[in-house]
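S.K.:
Chains as they are written, first to last, in my numbering: chain A, 1006 to 1294; chain B, 1006 to 1294.
Here it is as structure tokens:
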């Protein structure tokens, strides 16, 4: 996703310096005029605004606060924007470290996946100071379509977690519905015709069910990243004394998805865990009950 | 819903004979020219095609097979259509009893609620013989918009249960997301702006969340009817050896919704059970964590 987003910034004429742990991912951008940096610190040294988008919370921590991290080359007035989905509390830690050096931080996780990154149609949920959000809004506009300031530091992360909690529910509803319809002997395409225009309508039904029926579990959005996000939401919920039984159940079932080797599959591989539970496999041809 | 649907048939010029346990519900139709019957059997006696729409499976059984039931006045070639959401196995029982008298049965539960009934925009999921479905299609067209033949007897019921299973998932995802966002101190309207256009998008988010935020738990669709439908789906699943942990959890939580006096509230009152679990109440003003 990072490469596609950086590409949009290049297209808008911004001078870009980039670092990636996997240099091959940067080649296309370097050919288009981006400059290579050997470390996050070198990116900071060459830039006024720095965007980060990595995998897991520890990666975010390393990129900002590690030995060759961004924090080593902070100049007053710089703006740092983390677009990774990461703990709200980590956003606060980084924002404070940067503030001590008179620099600014925004947490700005995104929704919309690979396709959204390529089409610059991402939803960007931003936490931090309003005037800083406004200052970098032209850059957000280059990579996303729905840019919403959610509140102070960490609020972007919280909004993203709301997004993921909703998806956990729609995903289990849709997968269980397919499993039921299949075992009941329905033709699933015909069943979907009846339900997808009404109160059961959801993005998952329209966008992921065709892949499930084709047994195409390529990501989309990685199971292991969704696991991370659900884990963050459960951890924050525990801290806030909040009981989320639906999310907790779906999180457990995704452990089963991983146990069956689907950590790098798309999130719709939840189907696999449900099939294993019932020892049933949903095929294109309906089963008679 | 039955009154609105019968009204559309009258508008299309069909002669209508009606029975309801609550005669007051029929008054409007009687004034518009419908004829009153004192029992289901009298309706059958006066009609070629009979529609039924009642509350619970026992009501369906009584209306068809009871002492003054439809079965008492069956003539060969008649068509009976049950639009109640009821057990697929009951559909089979009734279809067989009617077949023994050379009459036909369709199970044809609907989705779309009060509004769909008023606007004739219902989704009608039909089980039974294809030629019988075609024979009564003009009548379905008068009351619904999406009329899909799902397969043999009971297939309409199975498709409707797929619909309800999906809704169980979207409902818990949406309610938990609101609860999380509220406790995290987000402005919920602002949060919704970020998530409702993307992968979390669903009918529940668009149509029921505004009511939840207004704490307006008027139905829509009754909790006790949704409980019945989820119960049917779980019973069928058990029979088919199917594990649906998401549906089972949501069904349990709706028991809590009923325990808190919300059996005759709308399904979005699931929020109440989740609030009770965490001893939190979602108000319009955000809580700071």
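Positions of the beta carbon are idealized from the N, C-alpha and C atoms, including for glycine.
Any idea if residue 1260 of chain A is buried or exposed, counting beta-carbon neighbours within 10 angstroms, 16 or more meaning buried?
M.R.: For the purposes of this step, residue 1260 of chain A is identified with residue 255 of the first chain, where counting begins at 1. Exposed: under 16 other Cβ atoms inside 10 Å.
S.K.: Alpha carbon to alpha carbon, what distance is there between residue 1127 of chain A and residue 1073 of chain A?
M.R.: Counted from its first residue, the first chain places residue 1073 of chain A at position 68. Counted from its first residue, the first chain places residue 1127 of chain A at position 122. Using only the alpha carbons, I get a separation of about 30 Å.
S.K.: With 8 Å as the threshold, decide whether the Cβ of residue 1168 of chain B is near any Cβ in chain A.
M.R.: Along the second chain, read from residue 1 onward, the residue named residue 1168 of chain B stands at position 163. At least one chain A Cβ lies under 8 Å of residue 1168 of chain B.
S.K.: Provide the residue span of the beta strand (DSSP E) that contains residue 1130 of chain A, from first to last.
M.R.: The residue given as residue 1130 of chain A occupies position 125 in the first chain. 1127-1132 is the extent of the beta strand (DSSP E) around residue 1130 of chain A.
S.K.: Which partner residues of residue 1041 of chain B appear in the DSSP bridge assignment?
M.R.: Indexing the second chain from 1 puts residue 1041 of chain B at position 36. B:1023, per the DSSP bridge assignment.
S.K.: At 9 Å on the CB atoms, spell out the chain B contacts of residue 1133 of chain A, in chain order.
M.R.: Residue mapping note: residue 1133 of chain A aligns to position 128 of the first chain, counting from 1. Here the premise fails: no neighbours, minimum Cβ distance about 14 Å.
S.K.: So, for residue 1107 of chain A: in the same chain, excluding its five sequence neighbours on each side, which residues have a beta-carbon less than 6 Å away from its beta-carbon?
M.R.: Residue 1107 of chain A sits at position 102 when you count from the first residue of the first chain. If we look at residue 1107 of chain A and ignore the five residues flanking it on each side, its Cβ neighbours are 1081.
S.K.: What residues in the region 1208-1219 of chain A bring their beta carbon closer than 8 Å to a beta carbon of chain B?
M.R.: Here the close residues are 1208, 1209, 1210, 1212.
S.K.: Taking a Cβ distance cut-off of 7 Å, strictly less, list which residues of the region 1008-1038 of chain B are near chain A, in chain order.
M.R.: Within the region 1008-1038 of chain B, no residue has a Cβ that lies closer than 7 Å to any Cβ of chain A.
S.K.: If we define contact as Cβ-Cβ less than 8 Å, is residue 1241 of chain B a contact residue for chain A?
M.R.: Against the second chain, residue 1241 of chain B aligns to sequence position 236. It does; some Cβ of chain A falls within 8 Å.
S.K.: For residue 1185 of chain B, would you say it is in contact with chain A, using Cβ-to-Cβ distances shorter than 8 Å as the test?
M.R.: Residue mapping note: residue 1185 of chain B aligns to position 180 of the second chain, counting from 1. Judged by the 8 Å Cβ criterion, residue 1185 of chain B is in contact with chain A.
S.K.: Just by C-beta distance, which residues in the region 1273-1288 of chain B are closer than 9 Å to chain A?
M.R.: Those would be 1279, 1282, 1283, 1284, 1285, in chain order.
S.K.: Just verifying my parser: in three-state terms, what is the DSSP assignment at residue 1270 of chain A?
M.R.: Your numbering for residue 1270 of chain A matches position 265 in the first chain. Residue state, collapsed to three classes: coil.
S.K.: Considering residue 1080 of chain A, what are the terminal residues of the alpha helix (DSSP H) in which it resides?
M.R.: Taking the first chain and counting its residues from 1, one reaches residue 1080 of chain A at position 75. Element bounds for residue 1080 of chain A: n/a, residue is neither H nor E.
S.K.: Check each residue of the region 1133-1164 of chain A: if its Cβ is closer than 7 Å to any Cβ of chain B, include it; give the result in chain order.
M.R.: Flagged, chain order: 1151, 1153, 1155, 1156, 1160, 1163, 1164.
S.K.: Tell me the rounded alpha-carbon separation between residue 1202 of chain A and residue 1094 of chain B.
M.R.: The sequence position of residue 1202 of chain A within the first chain is 197, counting from 1. The sequence position of residue 1094 of chain B within the second chain is 89, counting from 1. Answer to the nearest angstrom: the Cα atoms are 27 Å apart.
S.K.: Please determine if the region 1006-1017 of chain A and the region 1119-1136 of chain A are in contact, where contact requires at least 3 C-beta pairs separated by less than 8 Å.
M.R.: With a cut-off of 8 Å, the region 1119-1136 of chain A and the region 1006-1017 of chain A count as touching, because enough Cβ pairs lie within range.
S.K.: Round the Cβ separation of residue 1250 of chain A and residue 1254 of chain B to the nearest angstrom and send it over; I've been treating them as touching at under 8 Å.
M.R.: Against the first chain, residue 1250 of chain A aligns to sequence position 245. Against the second chain, residue 1254 of chain B aligns to sequence position 249. So it is a contact: roughly 6 Å between Cβ atoms.
S.K.: Identify the contact partners of residue 1188 of chain B in chain A, using a Cβ-Cβ distance below 7 Å as the criterion.
M.R.: On the second chain, position 183 is the one that residue 1188 of chain B refers to. Those within 7 Å of residue 1188 of chain B in chain A are 1245, 1247.
S.K.: Compile a chain-ordered list of the residues in the region 1075-1097 of chain A whose CB is closer than 7 Å to at least one CB of chain B.
M.R.: Flagged: no residues at all.
S.K.: Just to check my reading of the structure: residue 1273 of chain A and residue 1217 of chain A have Cβ atoms closer than 8 Å, yes? What is that Cβ distance to the nearest angstrom?
M.R.: For the purposes of this step, residue 1273 of chain A is taken as residue 268 along the first chain, with counting starting at 1. For the purposes of this step, residue 1217 of chain A is taken as residue 212 along the first chain, with counting starting at 1. Confirmed, about 5 Å.
S.K.: Mark residue 1143 of chain A as exposed unless 16 or more other C-beta atoms lie within 10 angstroms of its C-beta, in which case mark it buried.
M.R.: Along the first chain, read from residue 1 onward, the residue named residue 1143 of chain A stands at position 138. Exposed, by the Cβ-count rule.
S.K.: Check the DSSP bridge columns for residue 1156 of chain A and list the partner residues they point to.
M.R.: The sequence position of residue 1156 of chain A within the first chain is 151, counting from 1. Paired residues: A:1132.
S.K.: Considering only C-alpha positions, which residue in the set B:1233, B:1206, B:1139 is nearest to residue 1059 of chain B?
M.R.: Residue 1059 of chain B sits at position 54 when you count from the first residue of the second chain. Measuring from the Cα of residue 1059 of chain B, the nearest candidate turns out to be B:1233.
S.K.: Does the Cβ of residue 1196 of chain B lie closer than 7 Å to at least one heavy atom of the ligand HEM?
M.R.: The ligand HEM is absent from the structure shown, which contains no ligands of any kind.
S.K.: Taking residue 1261 of chain B as the query, report the chain A residues whose CB atoms sit under 8 Å from its CB, ordered along the chain.
M.R.: Locating residue 1261 of chain B in the second chain gives position 256, counting from the first residue. What residue 1261 of chain B touches in chain A: nothing, since even the nearest Cβ is about 10 Å away.
S.K.: So, for residue 1037 of chain B: in the same chain, excluding its five sequence neighbours on each side, which residues have a beta-carbon less than 8 Å away from its beta-carbon?
M.R.: Working through the second chain from its first residue, we reach residue 1037 of chain B at position 32. Result list for residue 1037 of chain B: 1012, 1015, in chain order.
S.K.: Below 8 Å between beta carbons: does that hold for residue 1220 of chain A and residue 1285 of chain A?
M.R.: Residue numbering aside, residue 1220 of chain A sits at position 215 when the first chain is read from its first letter. Residue numbering aside, residue 1285 of chain A sits at position 280 when the first chain is read from its first letter. Contact flag unset, no.
S.K.: For the region 1194-1212 of chain A against the region 1175-1182 of chain A, are there 3 or more C-beta pairs whose distance is under 8 Å?
M.R.: Touching, yes, given that three or more Cβ pairs across the two stretches are closer than 8 Å.
S.K.: Measure the CB-CB distance between residue 1133 of chain A and residue 1146 of chain A and report whether it falls below 8 Å.
M.R.: Translated into positions along the first chain, residue 1133 of chain A becomes position 128. Translated into positions along the first chain, residue 1146 of chain A becomes position 141. No; because the gap between Cβ atoms is not below 8 Å, this pair is not in contact.
S.K.: For the 8 Å Cβ check, are there 3 or more pairs between the region 1158-1175 of chain B and the region 1084-1103 of chain B?
M.R.: Counting Cβ pairs under 8 Å, three or more are found: they touch.
S.K.: Would you please verify whether the beta carbon of residue 1173 of chain B is less than 8 Å from any beta carbon of chain A?
M.R.: Taking the first residue of the second chain as position 1, residue 1173 of chain B is located at position 168. At least one chain A Cβ lies under 8 Å of residue 1173 of chain B.
S.K.: Which residues share a DSSP beta bridge with residue 1110 of chain B?
M.R.: The count along the second chain starts at 1 and reaches residue 1110 of chain B at position 105. Looking at the DSSP assignment, residue 1110 of chain B forms a beta bridge with B:1085.
S.K.: Taking 7 Å as the limit between beta carbons, can you name the residues of its chain near residue 1033 of chain B, skipping five residues before and five after?
M.R.: Numbered from its first residue, the second chain carries residue 1033 of chain B at position 28. 1008.
S.K.: Since residue 1277 of chain B is in the beta strand (DSSP E), which residue starts that stretch and which ends it?
M.R.: For the purposes of this step, residue 1277 of chain B is taken as residue 272 along the second chain, with counting starting at 1. Not the beta strand (DSSP E): residue 1277 of chain B falls in the alpha helix (DSSP H), residues 1275-1283.
S.K.: Residue 1174 of chain B and residue 1225 of chain A - do their beta-carbons sit closer together than 8 Å?
M.R.: The residue labelled residue 1225 of chain A in the question sits at position 220 within the first chain. The residue labelled residue 1174 of chain B in the question sits at position 169 within the second chain. Cβ distance not < 8 Å, so residue 1225 of chain A and residue 1174 of chain B don't count as in contact.
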